[in-house]
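Residues in the sequence shown are numbered from 769 upward in steps of one, following my numbering.
Cβ atoms here follow ideal geometry from the backbone N, Cα and C, with glycine treated the same way.
This report concerns only the one structure given below.
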Amino acid sequence: MPTTTWHERAAELEINGRAFIDGERVDARAKARFDCLSPIDGRKLAEVARCGGADVDAAVGSARAAFDDRRWAGKAPAERKKILIRLADLMLARRDELALLETLDMGKPIRYSRSVDVQLAQNCIRWYGEAIDKLYDQVAPTSDASLALITREPVGVVAAIIPWNYPMLMAAWKIGPALAAGNSLVLKPSEKAPLTALRLAELALEAGVPPGVFNVVPGFGDEAGRALGLHMDVDCIAFTGSTRVGKQVVQMAGQSNLKRAWTELGGKSANIVCADCPDLDAAVSAAIGSIYFNQGESCNAPSRLFVEASIKDAFLDKALAMIPQFAPGDPLIDATVMGAIVDPIQMKTVLGFIASGKEEGARLLAGGAAARVESGGLYIEPTLFDGVDPSMRIAREEIFGPVLAVLSFTDLDEAVRQANATPYGLAAAVWTADMGKAIRTARALRAGTVHVNQYDSDDITVPFGGYKQSGNGRDKSLHAFDKYTELKTTWIQVG
Ligand code: NAD
């Protein structure tokens, strides 16, 4: 346990907001910067390089040069493995520093930055490092007259654009498979939480990733992000963020060089609890714990809860008894489980949804207001609406905040129909003791991940991604390599 408090450590932390291009910390070419403010208390953390087109050109140029001379792609997979594992080890050695940066930057509780974000991010990079020297290519079953090899090659220069809700983990989900496969990378973190990505690039260099292979261009979406989307020398763009911007990124790929465009987008996930749920306490705990985890700022948060009418009152009694545990607190105190909302824009969006829920006639049973205003930070009470109609905005749109919409049902088929009546398809769940019903329902739910009698299981070994407008890509697992590799056929005349 630290002998100094997290607040004392935060006061001593030196934060570097310069971009990371060609193995060095640099200012933006135009010397432009933006203020990085902490949502915890509004304090200014750093001035961060505001990269634009010229910086993106420099980063892509550096990545291209690194790819073309094969300083990374040409290393044996076992060598790349060693370096990525060293990076994971360095992340563990720097766990407190990375966790503190993450918490200060985006407001999540330090206990989770340490135990979830750093832990999962380093594990992701370690896992892809471990995997890369265990993958074999193929020989096609052609006639004896020739030999046809089917091989995987790195796609080249990968641009990754990521959101702010799990900044380090979303970076790791791209860095791990993209670098393990031998690509060069230009990463654009969110302007709302750029700090840990910048630090990861420094640690990667220290671990032995050659200069130019991993560049970070902090900046705004319509500047650095757009420049990457339209760049003629980026071979692949891996985007995680909102569905609105994801559509633009796909268009930019089409307008430019038809770079491979992979999208991991928003969600409005349905959690269906049947009256024969085998463990009501577990269902309540998962529903409440998962919607309020990370301040509700999770793409796969179960934000629509469908409860069978006959158990709804019992369910809500238990849920309302649990909710006070999630009252927002100081993110730099170990006991806190709900932290700050990332920035004033997101705060306004979430409070706007709460207002719309009230206006449209949903019953506010918990929360509904800003909290800890005296801290100077941005906090919202864990909020629950009952009596939600599928037509209401809080039932249809992604809120991305600590707001749960409760709907009830009497007919499971109708609940599944409503669950699927959304443009999104990221995650879903069903709770029932009847396994046949569970499997039929899981099959009927149009989502990339379906949980049965649980909600938040997670493992690097399983793919994560969406159906429909939740995106087309899959992060995590060996399937992620599909995004960062080209499939080559080589015909060899045998004679
Ligand atoms: P966002 O779409 O606003 O921004 C995401 C990234 O795109 C940021 O880096 C931003 O600067 C950049 N960007 C914005 N406009 C751009 C443009 N015109 N061109 C290029 N880049 C641009 O999303 P956000 O608010 O940062 O993140 C929240 C969203 O991310 C939610 O919808 C959430 O569901 C989603 N998300 C999805 C997953 C997943 O795996 N499916 C994971 C985490 C978050």
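Q) Distance, Cα to Cα, Val1171 vs Leu955? A) As a first step, residue 1171 is located in the sequence shown; it is residue number 403 there, counting from the start. As a first step, residue 955 is located in the sequence shown; it is residue number 187 there, counting from the start. Cα to Cα, Val1171 sits roughly 31 Å from Leu955.
Q: Provide the residue(s) that pair with Trp1259 in DSSP beta bridges, ordered along the chain.
A: Position 491 of the sequence shown holds residue 1259. Note: Trp1259 sits in a beta bridge opposite Ala916.
Q. Between which two residues does the alpha helix (DSSP H) carrying Trp774 extend?
A. For this step, residue 774 is matched to residue 6 along the sequence shown. Segment 774-780, the alpha helix (DSSP H) holding Trp774.
**Q.** Buried versus exposed call for Tyr880 [16 or more other C-beta atoms within 10 Å across all chains shown]
**A.** Your numbering for residue 880 matches position 112 in the sequence shown. Buried, since its Cβ has 16 or more Cβ neighbours within 10 Å.
Q. What's the call for Val907, buried or exposed, on a 16-neighbour Cβ count within 10 Å?
A. Here residue 907 refers to the residue found at position 139 of the sequence shown. The residue is exposed, with fewer than 16 neighbouring Cβ atoms inside 10 Å.
**Q.** Ser911 (DSSP reduced to helix, strand or coil)
**A.** Locating residue 911 in the sequence shown gives position 143, where the first residue counts as 1. Coil.
Q. Taking buried to mean at least 16 other C-beta atoms within 10 Å of its own C-beta, is Asn1039 buried or exposed?
A. Within the sequence shown, residue 1039 is the residue found at index 271, counting from 1. Burial call: buried.
Q. Are there 16 or more other CB atoms within 10 angstroms of the CB of Tyr1192, so buried, or fewer, so exposed?
A. Taking the sequence shown and counting its residues from 1, the one referred to as residue 1192 is at position 424. It counts as buried.
(Q) Less than 6 Å separating the Cβ of Pro931 from some heavy atom of the ligand NAD? (A) The sequence position of residue 931 within the sequence shown is 163, counting from 1. True, at least one ligand heavy atom lies under 6 Å from that Cβ.
Q: Can you check the stretch 1031-1080 for any alpha helix (DSSP H) of at least 4 residues that lies completely inside it and give the ranges in chain order?
A: Listed in chain order, the complete alpha helix (DSSP H) runs (minimum 4 residues) inside the stretch 1031-1080 are 1048-1060.
Q.
If I follow the unbroken beta strand (DSSP E) through Asn983, where does it start and stop?
A. Here residue 983 refers to the residue found at position 215 of the sequence shown. Note, Asn983: beta strand (DSSP E), 982-984.
**Q.** DSSP three-state assignment for Tyr1252, whether helix, strand or coil
**A.** Within the sequence shown, numbered from 1, the residue matching residue 1252 stands at position 484. Tyr1252 falls in the helix class under three-state DSSP.
Q: Let me know if Gly997 comes out buried or exposed under the rule of 16 or more other beta-carbons within 10 Å of its beta-carbon.
A: Within the sequence shown, residue 997 is the residue found at index 229, counting from 1. The residue in question, Gly997, is buried, as its Cβ has 16 or more Cβ neighbours within 10 Å.
Q. Can at least three beta-carbon pairs, one atom from the stretch 1073-1091 and one from the stretch 1032-1047, be found at a separation below 8 Å?
A. Yes, the stretch 1073-1091 touches the stretch 1032-1047.
(Q) Tell me the DSSP secondary structure of Ser1024 in three-state form. (A) Sequence index remark: in the sequence shown, residue 1024 carries index 256 (1-based). In the structure shown, Ser1024 sits in coil (DSSP, three-state: anything other than H, G, I, E or B).
Q) Within 6 Å: the Cβ of Ser1010 and any heavy atom of the ligand NAD? A) Here residue 1010 is taken as the residue at index 242 of the sequence shown, counted from 1. The answer is yes for Ser1010.
**Q.** Among Asp1224, Lys843, Leu868, nearest to Asp1051 - alpha-carbon criterion
**A.** As a first step, residue 1051 is located in the sequence shown; it is residue number 283 there, counting from the start. A small fix is needed here, since residue 1051 is Ala in this sequence, not Asp. That would be Asp1224, whose Cα lies nearest to the Cα of Ala1051.
Q: Give the secondary structure of Pro922 by DSSP, where H, G and I count as helix, E and B as strand, and everything else as coil.
A: The count along the sequence shown starts at 1 and reaches residue 922 at position 154. If DSSP states are grouped into helix, strand and coil, Pro922 belongs with the strands.
Q.
Quick check on this structure: which residue in Arg920, Phe788, Pro909 has the alpha carbon closest to the alpha carbon of Leu1255?
A. Residue numbering aside, residue 1255 sits at position 487 when the sequence shown is read from its first letter. A check of alpha carbon separations from Leu1255 across Arg920, Phe788, Pro909 identifies Arg920 as the nearest.
**Q.** Residue range of the beta strand (DSSP E) that includes Ala1173
**A.** Here residue 1173 is taken as the residue at index 405 of the sequence shown, counted from 1. Here the beta strand (DSSP E) through Ala1173 covers 1171-1177.
Q) Pairing CB atoms from the stretch 925-932 with CB atoms from the stretch 804-815, are three or more of them under 8 Å? A) no
Q | Contact test: Arg994 Cβ vs the ligand NAD heavy atom, cutoff 6 Å | A | Taking the sequence shown and counting its residues from 1, the one referred to as residue 994 is at position 226. For the ligand NAD, at least one heavy atom lies less than 6 Å from the Cβ of Arg994.
Q. Fully enclosed by the stretch 1107-1171, which beta strand (DSSP E) runs are 3 residues long or longer?
A. Whole beta strand (DSSP E) segments, 3+ residues: 1131-1134, 1151-1154.
Q. Skipping 5 residues on each side, what residues in its chain have a beta carbon closer than 7 Å to that of Ala1212?
A. If you number the sequence shown from 1, residue 1212 lands on position 444. Here the set comprises Val1184.
Q) Gly997 by DSSP, collapsed to three states: which one? A) Locating residue 997 in the sequence shown gives position 229, where the first residue counts as 1. It is helical.
Q. Counting along the chain, where does the alpha helix (DSSP H) carrying Thr1209 start and finish?
A. For the purposes of this step, residue 1209 is taken as the residue at position 441 of the sequence shown. Where Thr1209 is concerned, the enclosing alpha helix (DSSP H) stretches over 1203-1212.
Q. Does the Cβ of Arg838 have 16 or more other Cβ atoms within 10 Å, making it buried, or fewer, making it exposed?
A. Within the sequence shown, the letter at position 70 stands for residue 838. Exposed is the call here.
Q: For Val1017, count neighbouring Cβ atoms within 10 angstroms of its own Cβ and tell me buried if that reaches 16, exposed if not.
A: As a position in the sequence shown, residue 1017 is number 249, starting the count at 1. The residue is buried, with at least 16 neighbouring Cβ atoms inside 10 Å.
Q: Sort Trp1199, Ser1053, Thr1011, Arg793 by Cα distance to Asn1221 and report the nearest one.
A: Sequence index remark: in the sequence shown, residue 1221 carries index 453 (1-based). Per the Cα distances, Trp1199.
Q) Less than 6 Å between the CB of Ser958 and some heavy atom of the ligand FAD, yes or no? A) Absence of the ligand FAD from the depicted structure is noted, with the ligand NAD being the only ligands included.
**Q.** Contact check, Pro935 vs Tyr1060, beta carbons under 7 Å
**A.** To locate residue 935, count along the sequence shown from 1; it is residue 167. To locate residue 1060, count along the sequence shown from 1; it is residue 292. No, the Cβ-Cβ distance between Pro935 and Tyr1060 is not below 7 Å.
Q. Between Cys1004 and the ligand NAD, is the CB less than 6 Å from at least one heavy atom?
A. Here the question's residue 1004 lines up with position 236 in the sequence shown. For the ligand NAD, not one heavy atom lies less than 6 Å from the Cβ of Cys1004.
(Q) Between Leu1246, Gln1261, Glu792, His1219, which has its C-alpha nearest Tyr904's C-alpha? (A) Locating residue 904 in the sequence shown gives position 136, where the first residue counts as 1. For Tyr904, the nearest C-alpha among the options comes from Leu1246.
Q. Count the other CB atoms within 10 Å of the CB of Arg1012; is the residue buried (16 or more) or exposed (fewer)?
A. Position 244 of the sequence shown, counted from the first residue, corresponds to residue 1012. Counting Cβ neighbours within 10 Å, Arg1012 comes out exposed, since fewer than 16 surround it.
Q. In whole angstroms, what is the alpha-carbon distance linking Ala961 and Ala1206?
A. Residue numbering aside, residue 961 sits at position 193 when the sequence shown is read from its first letter. Residue numbering aside, residue 1206 sits at position 438 when the sequence shown is read from its first letter. Roughly 39 Å separates the two Cα atoms.
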